[in-house]
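First the structure, in the form of structure tokens, and then the observations on it.
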Amino acid sequence: MAIMNNIEALRTTLRQEMERDPRIIITGEDVGPRGGVFRATQGLYQQFGEKRIIDTPLAELSIVATGIGMALTGYFKPIVEIQFADFIFPAFNQILNEAARMRYRTRGDWTVPLIIRAPYGGGISGGLYHSQSVEAFFAHIPGLYVVAPSTPYDIKGMLRAALQLDDPVLFFEHKKTYRLIKGEVPEDDYVVPIGKAALRREGDDLTVISYGLAMHDAVKAADVVAAEGIRADVIDLRTIRPLDKDAILNSVKKTGKALIVHEDNPTVSVSSEVAAIIGQEAFEYLDAPITRLTPPDVPAVPFSPPLQDAFMLNPKKIAQAMRELAAY
Amino acid sequence: MAIMNNIEALRTTLRQEMERDPRIIITGEDVGPRGGVFRATQGLYQQFGEKRIIDTPLAELSIVATGIGMALTGYFKPIVEIQFADFIFPAFNQILNEAARMRYRTRGDWTVPLIIRAPYGGGISGGLYHSQSVEAFFAHIPGLYVVAPSTPYDIKGMLRAALQLDDPVLFFEHKKTYRLIKGEVPEDDYVVPIGKAALRREGDDLTVISYGLAMHDAVKAADVVAAEGIRADVIDLRTIRPLDKDAILNSVKKTGKALIVHEDNPTVSVSSEVAAIIGQEAFEYLDAPITRLTPPDVPAVPFSPPLQDAFMLNPKKIAQAMRELAAY
Amino acid sequence: MATAARKSQKSQQSERPSDKLTDDQLLQLYKSMVLGRKVDERSWVMNRQGRAPFHISGIGHEAIQVAAAATLRPGYDWFYPYYRDLAFVLAMGMKPVDHLRGLLGKAGDPSSNGIQMPSHYSNAKLRIGSISSPVGTQVPIAAGTALASKLKGTDEVTVVCLGEGSTSQGDFHEGLNWAGVHKLPFICIVQNNQYAISVPMEKEMAVKNVADRAIAYGVKGLVVDGNDVLACYDVMFEAVQRARNGKGATLVEAKTYRVTPHSSDDDDRTYRSRKEVEKWKKRDPIMLFEKVLFERGILTEDLRQEIDAWAIQEVDQAEEEAINSPYPDVSEMTKHLYGPMPNWEEA
Amino acid sequence: MATAARKSQKSQQSERPSDKLTDDQLLQLYKSMVLGRKVDERSWVMNRQGRAPFHISGIGHEAIQVAAAATLRPGYDWFYPYYRDLAFVLAMGMKPVDHLRGLLGKAGDPSSNGIQMPSHYSNAKLRIGSISSPVGTQVPIAAGTALASKLKGTDEVTVVCLGEGSTSQGDFHEGLNWAGVHKLPFICIVQNNQYAISVPMEKEMAVKNVADRAIAYGVKGLVVDGNDVLACYDVMFEAVQRARNGKGATLVEAKTYRVTPHSSDDDDRTYRSRKEVEKWKKRDPIMLFEKVLFERGILTEDLRQEIDAWAIQEVDQAEEEAINSPYPDVSEMTKHLYGPMPNWEEA
Ligand SMILES: Cc1ncc(C[n+]2csc(CCOP(=O)(O)OP(=O)(O)O)c2C)c(N)n1
Ligand SMILES: Cc1ncc(C[n+]2csc(CCOP(=O)(O)OP(=O)(O)O)c2C)c(N)n1
Ligand SMILES: [Mg+2]
Ligand SMILES: [Mg+2]
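Residue numbers (my numbering), protein chains in the order written: chain P, 1 to 328; chain V, 1001 to 1328; chain S, 2001 to 2347; chain E, 3001 to 3347.
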């Protein structure tokens, strides 16, 4: 079994799936000869040619829209790359009003089997506009799947799952994890079901719910506090929409304490929804306030190194929040 | 004191403020001779001429962007109209990445004193794309003010308040309330502070938190259940961002029970955030699950009359939810 | 004899594609226009009777619509209409009852089964794409469909319609740009009725012809009198041929006028003169075509009345069917959000 | 004598605006280009030394930038730059240390005080608008600013820059459309370096000249050799005059080349030949201008070295200042979200 980092897992899976399924087409800015600015598509243009790996005009609205138009024909299964999630917003109208609403408004007559990949997240000196976490906007939208795998194993398994769906999937990849996170990736054809969270650590004292880079920090934090006798369930949501309510509720009903951790700003975010679910459906089991830990409610990660450091979550901050909640 | 409906209060206030402040300019589709498709600007073109009431190309991105560009000069205070909130999304990138982030990214050197008006909401046979509640997307954005006044009094007072701010304000008007809701509008120069909720009914048994058309239904529901001996605080949030946490927490700490009601679909919405605030900061006071009542989590209001009826909230549904929560 | 008259007239002109149309085909065009008109007029009546909350009309736009349809292969070519394309979708194979069920929000309408507002057409079997309300979005989507056809190696053509006002949207720009870059089998028909609701053309753009915008994308631009059905046919024929033969995209601008208010919610007296409207009513595309058909001896007064009666009967029957159709079950509201999930077992 | 030589040369040509530039003004143009270049080169060095995480370069683009600046009134006209406009913003009044503080995320940079990535310029006092990263957004914003100037009755001009790839965005279309409709005092400069990162021009658009797109908006389109500073001056002079005199908007396309990779994160060898890059290095705008200045006797080798030394000293000093500047306090992170709220009392 090969050890890969996230970007290798992604690239390898793209290649394997394209070899298998001639309907898969990749479009986006610089995905061709350049192989993508993060190298997700490196070598694919050379292997599959310019009819399957298509460099597009610099225009996200139409990158998504043409993806929709290709998907509607049923001839192709487009995977479009948004170079940075920060730049997905010109396409917001197309994603919301067209991709996500097509099936509903046509009673299933038209469907949009489209995957939109978008690197997101901070910690890479990207400043305000190359660091944004944008998942909250999309998690609100019925008709979309929104996923955020953060291990090489899940990237392969969830990309393969996404390819089997007949609906639009937003596939968010935390760019800081691209080279930071390594792990085993089996060669066989497994899938990681969309809509299912993973339990990364187990414990009875509290539940930490997270995803993305923050989830890796949460696991480290859990290991730190475990040494102090605080044992936590660490849930990796993996899928942002639909949320795995069962996984969340089962754990919180067991521990009675929930800490929700993510890099996105908190107001009306994924953590709001998780908290609302817990507050409504696990109320009787709660032993402590439903707690959230996120960066401050500011636009995005500042560029200046000390400010970026102060903004980002890390195992220390999470461990501290876990201690406080455990002590409640 | 004049009795007006919402659209009259809006139009009258626009006229008065334009008479007072020559910097105010209105732009948008059909705002000129036509007076707006909802008649919000009726007569203003005739009074103020084509230099202050500007019919625009059919292009929301640039309606907002040119508003930003005008606001940046400091010469003008633009109020731009988005004809239906459903059509605000082509401008999403401009609102999020430009208007809302300008002050933050320039450390206050540049500011965007811009008001974006947008009629939203269902119940008017508008189907999927003329009925959307879109406030959740914007409530997530630091740097924006998001308001949703729903009485003639508040429309005047909050529009006047918005005009005094030096930051972008999204001004949502529930279109079903335009002619449905009437009330007294004083002639004097009052403001309704942005960021402050209103208590529409008082009671110790539970707290209903709402805004927009649903808030009017909640008040009716409260009157119904009051006759049955269930007494509720009914909070009209009025401002969606920033939320009036004090008003929410003070009431819930008193009643111990919270019912959050809105027309928007629930997942990652304003009700999620209100629930999260309560779950974190009023936890020890809670006597019941934090409860939400919204339409189902579907894209928007269907057109067909019976489906529209089934979708929309009404006093009966809210009263029932109040009874159940009170009985918990 | 009628046919002889036509032949001689023809030989005096240079060869036009519409010259090749048989009398039957010409009558078929005419009937399509009349049927579209009658369904549209009936929709207004049902709205004024309070039975339909909303109607948006294509009256005045029929010529370009039925002409375009006649140059396409229904069910093979891809068509992304806009909300005024009633006559167009009927000519492509949709039925009056489809429109009228939609008008009333009744079950059985293939467009959306009552989920969307009226005139938001869709028919997957006929390859008619689904209309949403935000204007312009369908242009780059159509470009994507055209790209798929090209990559797949078919000779399908994709046609997309919109109003001139909607060309101000970024979507239009981006879609046309793709059409140019990839030399797509793509035709964008702009039905230029000179207003976007109340906003006149000169406040929408600083060019005389929308088709002049084609040059910015390296695609062909053609202007046509949108009320002259045969001229429309000629222009569309050329555009379809270019597309079908891999010669690239065309932007067709059909100059026309909407003689009705923007929709049943509009009052157009606030922004345009009755004189202007009356002037255009005299250029009614059906009237203009009747004149040609009379001149050519293809249409007689008897036949005209027969066609009128046929169309009215079609509409009567469709109206009855629509009125008698049930509403969709309220359970529909929460259906069709996602397709079925595969039965995954995690490894 | 040099001046005599120039005069005679001049008289042979038709009158060009740049002919009116004095020797001093010409040298000023040259010095601006050299200063921009030196600051840019130093940024690369600091990046390669590991002191700056990111640099995006304007090397090769200096001619159009300093020429444009010379036709404007800094602090009076409005300027919306893009990320390659280092030489431009310096010529408009920003300081090398402003750029270098930004490069290091240090306090005191007027652009964003370390909040944004480097090269995202802003200076409210100089009326230099703030750059965000999503490309194209500034075009319709600039149109709004130009509209404000026009409505206010000033003769301010608004200039906005972007790359040719970014003209594919809907924002460009919509902004230019407003400029046409309102005949705005607006100049859009497209710095066409023939690539959007790795994507070559022919995959971005199907036209030869971006300026050909002007016709779609009823604005004037002008193409210029972007490496010829005097030609750039002439074209910008014309555009500014049109704008200042209420004659409307201009789309200026300056054909140029970026001889560096897209940014410090890029490796341009994956998508273009070294031969192509070398060819363009021989058309370096500073070299080309030096040749003219030498020919005209305005520049001597001594003076050239003097200017070089001056620029390097400026940059040395700025670098030292930047390095010695503190980082912003972390409390900055939560500041400047909203302005102060008025002290409202509810009625
Ligand atoms: C994005 C968007 N903005 C606004 C509207 C509201 N609206 C519906 S039709 C219309 C005018 C369209 O004008 P045009 O494109 O010329 O088409 P026409 O109706 O004249 O045929 C407007 C403003 C909309 N549907 N979508
Ligand atoms: C909306 C958006 N999408 C993608 C990017 C990433 N990006 C930054 S620069 C660039 C290429 C720009 O090309 P061009 O406009 O020609 O300007 P150049 O860099 O060549 O000067 C891209 C794709 C971005 N900044 N904004
Ligand atoms: Mg029109
Ligand atoms: Mg370029």
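We put the beta carbon where it would ideally sit given N, CA and C, even for glycine. Quick caveat: nothing in here was measured; it's all calculated off a predicted structure.
Any non-hydrogen atom of ligand 3 within 7 Å of residue i CB
{"i": "Ala2196 (chain S)", "result": "yes"}
{"i": "Asn2227 (chain S)", "result": "no"}
{"i": "Asn2958 (chain E)", "result": "Nothing can be reported for residue 2958 (chain E): it is not among the residues displayed for chain E, which extend from 3001 to 3347."}
Integer Cβ distance of residue i from residue j, believed to fall under 8 Å
{"i": "Glu1098 (chain V)", "j": "Ile1068 (chain V)", "result": "6 Å"}
{"i": "Gln83 (chain P)", "j": "Val146 (chain P)", "result": "No, Gln83 (chain P) and Val146 (chain P) are not in contact; Cβ-Cβ is about 19 Å, not under 8 Å."}
{"i": "Ser3168 (chain E)", "j": "Leu58 (chain P)", "result": "5 Å"}
{"i": "Tyr2190 (chain S)", "j": "Gly3218 (chain E)", "result": "Residue identity check: residue 2190 (chain S) is Val in the sequence provided, not Tyr. Incorrect: roughly 16 Å between the Cβ atoms, too far for contact."}
{"i": "Asp86 (chain P)", "j": "Pro3096 (chain E)", "result": "With a Cβ gap of about 28 Å, Asp86 (chain P) and Pro3096 (chain E) do not count as contacting."}
{"i": "Asp360 (chain P)", "j": "Ala198 (chain P)", "result": "The question about residue 360 (chain P) has no answer here: the residues shown for chain P are numbered 1 through 328."}
{"i": "Asn1265 (chain V)", "j": "Pro142 (chain P)", "result": "6 Å"}
Residue i: CB within 7 Å of a non-hydrogen atom of ligand 2
{"i": "Gly3165 (chain E)", "result": "yes"}
{"i": "Leu83 (chain P)", "result": "The amino acid at residue 83 (chain P) is misidentified as Leu; the sequence shows Gln. Result yes, Cβ under 7 Å from ligand 2."}
{"i": "Val80 (chain P)", "result": "no"}
{"i": "Ser3133 (chain E)", "result": "yes"}
{"i": "Glu60 (chain P)", "result": "yes"}
{"i": "Glu29 (chain P)", "result": "yes"}
{"i": "Cys3162 (chain E)", "result": "The question names Cys, yet the displayed sequence has Leu at residue 3162 (chain E). It does: the Cβ of Leu3162 (chain E) is within 7 Å (strictly closer) of some heavy atom of ligand 2."}
{"i": "Asn87 (chain P)", "result": "A quick correction: the sequence has Phe, not Asn, at residue 87 (chain P). For ligand 2, at least one heavy atom lies less than 7 Å from the Cβ of Phe87 (chain P)."}
Contact test: residue i Cβ vs ligand 1 heavy atom, cutoff 7 Å
{"i": "His2262 (chain S)", "result": "yes"}
{"i": "Phe2389 (chain S)", "result": "With chain S represented from 2001 up to 2347, any question about residue 2389 (chain S) goes unanswered, as that position is not in the structure."}
{"i": "Gln2191 (chain S)", "result": "yes"}
{"i": "Phe1092 (chain V)", "result": "no"}
{"i": "Arg2258 (chain S)", "result": "yes"}
{"i": "Val325 (chain P)", "result": "Residue identity differs from the one stated: residue 325 (chain P) is Leu in this sequence, not Val. Answer for Leu325 (chain P): no, Cβ out of range of ligand 1."}
{"i": "Arg2016 (chain S)", "result": "no"}
{"i": "Arg1117 (chain V)", "result": "no"}
{"i": "Phe1137 (chain V)", "result": "no"}
{"i": "Arg2051 (chain S)", "result": "no"}
{"i": "Arg2084 (chain S)", "result": "yes"}
Check: residue i C-beta below 7 Å from any heavy atom of ligand 4
{"i": "Asn3209 (chain E)", "result": "no"}
(message) Taking beta-carbon pairs under 8 Å, can you tell me which members of the segment 3172 to 3185 of chain E lie near chain S?
(response) Within the segment 3172 to 3185 of chain E, the residues whose Cβ lies closer than 8 Å to any Cβ of chain S are, in chain order, Phe3172, His3173, Glu3174, Asn3177, Gly3180, Val3181, Lys3183.
(message) By the 9 Å beta-carbon criterion, what residues does the segment 165 to 193 of chain P contribute toward chain E?
(response) none
(request) Can you give me, in chain order, the residues of the segment 2217 to 2242 of chain S that have a beta carbon less than 9 Å from any beta carbon in chain E? (result) Tyr2217, Gly2218, Val2219
(message) To be precise: take each residue of the segment 298 to 318 of chain P, compare its Cβ to all Cβ atoms of chain E, and keep it if any distance is under 7 Å. Which residues remain?
(response) Val298, Pro302, Phe303, Ser304, Pro305, Pro306, Leu307, Ala310, Phe311
(request) Compile a chain-ordered list of the residues in the segment 65 to 77 of chain P whose CB is closer than 8 Å to at least one CB of chain V. (result) none
(request) Using a Cβ-Cβ cut-off of less than 9 Å, give me the residues of the segment 1095 to 1117 of chain V that come near chain E, in sequence order. (result) Cβ contacts with chain E: Asn1097, Glu1098, Arg1101, Met1102, Arg1103, Tyr1104, Arg1105, Thr1106, Arg1107, Gly1108, Asp1109, Trp1110, Thr1111, Pro1113.
(request) Taking a Cβ distance cut-off of 9 Å, strictly less, list which residues of the segment 1259 to 1280 of chain V are near chain P, in chain order. (result) For the segment 1259 to 1280 of chain V, the set of residues with a beta-carbon nearer than 9 Å to any beta-carbon of chain P comprises Ile1260, Asp1264, Asn1265, Pro1266, Thr1267, Val1268, Ser1269, Val1270, Ser1271, Ser1272, Glu1273, Val1274, Ala1275, Ala1276, Ile1277, Ile1278, Gly1279, Gln1280, in chain order.
(request) Kindly confirm or deny that the segment 1174 to 1190 of chain V and the segment 1264 to 1282 of chain V touch, where touching means at least three C-beta pairs closer than 8 Å. (result) no
(request) Kindly confirm or deny that the segment 103 to 110 of chain P and the segment 3112 to 3125 of chain E touch, where touching means at least three C-beta pairs closer than 8 Å. (result) no
(request) Residues of the segment 22 to 46 of chain P with a CB closer than 8 Å to any CB of chain E: list them in chain order, please. (result) Under the 8 Å Cβ criterion, the segment 22 to 46 of chain P contributes Glu29, Asp30, Gly32, Pro33, Arg34, Gly35, Val37.
(request) Could you please tell me which residues of the segment 2144 to 2155 of chain S, in chain order, have their CB closer than 8 Å to any CB of chain P? (result) Gly2144, Thr2145, Ala2146, Leu2147, Ala2148, Ser2149, Leu2151, Lys2152
(message) At a CB distance below 7 Å, what residues from the segment 1140 to 1153 of chain V approach chain E? Give them in sequence order.
(response) Near chain E, meaning a CB-to-CB distance below 7 Å, the residues of the segment 1140 to 1153 of chain V are Pro1142, Gly1143.
(message) Count Cβ pairs between the segment 305 to 318 of chain P and the segment 1116 to 1128 of chain V that sit closer than 8 Å; are there 3 or more?
(response) No, because fewer than three Cβ pairs between the segment 305 to 318 of chain P and the segment 1116 to 1128 of chain V fall closer than 8 Å, the two stretches do not touch.
(request) Tell me, please, whether the segment 2139 to 2149 of chain S touches the segment 2172 to 2189 of chain S by the rule of three or more beta-carbon pairs shorter than 8 Å. (result) yes
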